[in-house]
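The sequence shown begins at 63 in my numbering and counts up one residue at a time.
Note that beta-carbon positions come from the ideal geometry of N, C-alpha and C, so glycine has one too.
Here the structure is laid out as structure tokens; the discussion comes afterwards.
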Amino acid sequence: MSDFVSCQECEAIVQELRDAYADAWSFSGQESKDAWVATYKMIGGTEEDATRAEDLAPAAQFREPLRINRAIHRKFAHEARSGHKVPWAPEY
Ligand SMILES: [Zn+2]
């Protein structure tokens with residue numbers, strides 16, 4: 063992919079997101095996963111969208127939602143600032 067650009071910050075963000083989700087996934091029910099992934103796919107990928115996602119995903123009850131939200135905000139902020147596309151999407 064020609065638009066695949068990454069840097070140390072991208073890699074750090076991907077790692078943080080993976081860790082946050084892996085942790086959240088292991089303590090959450092399928093319903094929470096579905097709700098969050100559906101919401102994430104609906105949003106457009108800006109910081110405003112990330113904030114909206116927090117409002118739109120009341121069914122997602124994670125043990126550490128703040129950790130995920132922080133990581134997602136960091137992802138969008140870095141993408142907006144650098145023009146990079148952090149190579150990450152929610153997984154089951
Ligand atoms: Zn980057």
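query = In three-state DSSP terms, what is SER94?
reply = SER94: helix per DSSP, three-state reduction.
query = Under 9 Å between C-beta atoms, does THR113 make it to chain C?
reply = Looking at the structure shown, chain C is missing, and only one protein chain is on hand.
key: Endpoints, the alpha helix (DSSP H) within which SER88 is located   = Element bounds for SER88: 70-88.
request  = Would you check whether ligand 1 has a heavy atom nearer than 8 Å to the C-beta of HIS135?
outcome  = Incorrect: HIS135 has no Cβ contact closer than 8 Å to ligand 1.
query = Is the region 126-141 touching the region 84-94, taking contact as three or more C-beta pairs under 8 Å?
reply = Touching, yes, given that three or more Cβ pairs across the two stretches are closer than 8 Å.
task = Sort PHE89, GLN92, VAL99 and ASP111 by Cα distance to ALA151 and report the nearest one.
result = Ranking PHE89, GLN92, VAL99 and ASP111 by Cα distance to ALA151 puts VAL99 first.
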